[in-house]
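In this note's numbering, the protein residues as written are 1 to 98. Even for Gly, the Cβ is constructed at its ideal location relative to N, Cα and C. Source: prediction; values computed, not measured.
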């Protein structure tokens, strides 16, 4: 994969669900919402000085959020950060860089 480019969408893995779950409190604080359902569906990655994860999360019946999460390089010893999100998405909306 070329640095800076987005991968193709892949089905979410247990690791991706853990990443989404770790930043869920950050998302709930920013959106002032509480999400009972929070299931990672698919994701793309982008290699930068670390990795950006773009994750589509189902938060209700036909209700989705796209999240951008930065995972720093291991030697940086920093936590995951929610760096962006898009609400009001549907199952068919493509994950794009934002």
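1) Within 10 Å of its beta-carbon, does residue 96 have 16 or more other beta-carbons around it, so buried, or fewer, so exposed?
2) Contact defined as beta carbons within less than 8 angstroms: I believe residue 84 pairs with residue 71. What is the distance between those atoms, to the nearest angstrom?
3) For residue 78, would you say it is in contact with chain B, using Cβ-to-Cβ distances shorter than 9 angstroms as the test?
4) When the Cα atoms are used, what is the spatial distance from residue 15 to residue 79?
5) As an exercise, report each continuous alpha helix (DSSP H) stretch of at least 4 residues that is fully enclosed by the segment 7-52, in chain order.
6) Please confirm whether residue 24 and residue 43 have their CB atoms less than 9 angstroms apart.
7) With H, G and I counted as helix, E and B as strand and the rest as coil, what does DSSP make of residue 75?
8) Does DSSP put residue 98 in a helix, a strand or coil?
Well, looking at it:
1) The sequence position of residue 96 within the chain shown is 96, counting from 1. The residue is exposed, with fewer than 16 neighbouring Cβ atoms inside 10 Å.
2) Position 84 of the chain shown, counting from 1, holds the residue named residue 84. Position 71 of the chain shown, counting from 1, holds the residue named residue 71. In fact, because the Cβ distance is near 14 angstroms, the residues do not count as touching under 8 angstroms.
3) The structure shown has no chain B; it contains just one protein chain.
4) Taking the first residue of the chain shown as 1, we reach residue 15 at position 15. Taking the first residue of the chain shown as 1, we reach residue 79 at position 79. Cα to Cα, the separation comes out at about 15 angstroms.
5) Counting whole runs of 4 or more residues, the segment 7-52 contains the alpha helix (DSSP H) stretches 14-31.
6) By one-based count along the chain shown, residue 24 stands at place 24. By one-based count along the chain shown, residue 43 stands at place 43. The answer is no: Cβ separation not under 9 angstroms.
7) Position 75 of the chain shown, counting from 1, holds the residue named residue 75. Collapsing the DSSP output to three states places residue 75 in a helix.
8) Mapped onto the chain shown, residue 98 falls at position 98. It is coil, neither helix nor strand.
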